[in-house]
Amino acid sequence: MDQKAMVEKCKKYLKVVYGEDTVSMDVTNNAVKDGNGVLSVDCTVLIGGSSSDWSKKFTFKNGEVTDMTWKRR
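So this note's numbering is basically just the index in the sequence shown, starting at one, shifted up by 1357.
Structure follows, in structure tokens:
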């Protein structure tokens, strides 16, 4: 799985699980190998009409996002 596909999965995860629309997402570290590991990003999301900036880490298992941690920027 390439990085672009992983970013799209992260955006979908944010929309489905948290109702967030992604304004921008920049990868800061890609530690995913063979579909497993952590993809770190800095992103701006829109929810309820207001935007906010976050650093988020998405955990991938078998090519799917299974968890996320976040810290406001």
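We put the CB at the ideal spot given by N, CA and C, even for glycine.
Within the DSSP secondary-structure output, G1394 pairs in a beta bridge with F1417. Burial check for E1377: the Cβ neighbour count within 10 Å reaches 16 or more, so the residue is buried. Our two residues, G1405 and V1380, have alpha carbons roughly 13 Å apart in a direct line. For V1364, the enclosing alpha helix (DSSP H) has its first and last residue at 1360–1370.
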